[in-house]
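Asks: Counting from 1, position 54 in the sequence shown corresponds to residue 54 in full-length UniProt numbering; the numbering is continuous, with no gaps.
Even glycine gets a Cβ: it sits at the ideal position worked out from N, Cα and C.
Pasting a structure here, questions to come.
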Amino acid sequence: MENVLILIVSAFFVIFTLILHTYLTWPSKDDDIPGLKGRSILWLFAHPDDECMFFGPSILNLSQNNDVMVLCLSNGNESGLGRIRTKELEASCNTLGIKETYVNIENHAALQDDPRIHWDPAIISDILKDYVTKNGIDTIITFDDKGISGHPNHISCYNGARVFAKNVSANDVLIYKLKTVNVFRKYISLFDLTWTHYNYHVADMKKKTNGVVKPSTPPDTVLLVSSFENYIKAREAMKCHKSQLVWFRYLYVLFSRYMVINELERVQ
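Here is the structure:
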């Protein structure tokens, strides 16, 4: 029994050391991503607090070399707190370093916060078309088809972006989706980093070996990891959403990988 305990403790120590080494040696600035410099990037999401609960690592990393804007499709009025949540979103984005003029809430009558409803993707596509044209957007980042948490409104953001993508050239507007992982990986925070890092770089090496990657070509996948400083910023941004800070939100901030890791996949 004692030997088993020693093995378990030793294994945990080795795994923790690998994770800590990976995290501490990760570049603090992601300024070497080919094709993702000097762009106008729009984060498309469904509700106030999505920006820091899910997209914090990508916003904080990519804002260093790009213009960043957010478009929230609802004001989160499911519980009648729409006005409060609008102010909370503005405060959160300010904490993340996004200019107030680049924070937009659509709040269309057909796009109201409701966990039971899938929004019409055609409406979202039209909103995107108008916003992209007016603001010179050339890159969109949104949820994937699983929406991280399975929320229908999150999934609708992806579906709307897909409809929009059919009507524009891939060279004009890049679209990336935030990868959903299983529940176990979702809530092991940095413990998921070594596995994620390994898979990402194996795929990256294969592309380089096959001559697929060119220095100026936007990548098909992007792995963004927050520094400790940026994790604290994302956590402070979440604190701006006081109306949403029920007990399980504190657990989310502590354990969710999306507070420190964003894997983006290009929508082809």
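#1: Which class does Tyr-258 belong to by DSSP, given the choice of helix, strand or coil?
#2: Quick check: what's the CA-CA separation for residue 269 versus Cys-240?
#3: Compute the Euclidean distance between the alpha carbons of Glu-78 and Ile-84, then round it to the nearest angstrom.
#4: Quick check on the DSSP output: the beta strand (DSSP E) that includes Asp-67 runs from which residue to which?
#5: Assuming Lys-233 contacts Leu-60 under a Cβ cut-off of 8 Å, what Cβ separation, rounded to an integer in Å, is found between them?
#6: With 8 Å set as the bound, which would you pick, yes or no: does the beta-carbon of Ser-189 sit closer than that to a beta-carbon of chain B?
#7: Nearest CA to the CA of Ile-105: which residue from Ala-122, Pro-34, Ile-117 and Asn-75?
#8: For Arg-185, which residues of its own chain have a beta-carbon under 7 Å away from its beta-carbon, when the five flanking residues on both sides are left out?
#9: Which runs of the alpha helix (DSSP H) at least 4 residues long sit entirely within the stretch 47-125? Give them in chain order.
#10: Are the beta-carbon atoms of Ile-41 and Ile-141 separated by less than 8 Å?
Replies: Let me spell this out:
#1: helix
#2: In the structure as shown, the chain begins at 1 and stops at 268. Residue 269 is therefore absent and cannot be evaluated.
#3: 12 Å
#4: 67-72
#5: 6 Å
#6: This model lacks chain B altogether, as it is built from one protein chain only.
#7: The option with the nearest alpha carbon to Ile-105 is Asn-75.
#8: Asp-192 and Arg-257
#9: 50-53, 56-62 and 82-95
#10: Contact check for Ile-41 against Ile-141 passes: the beta carbons are separated by less than 8 Å.
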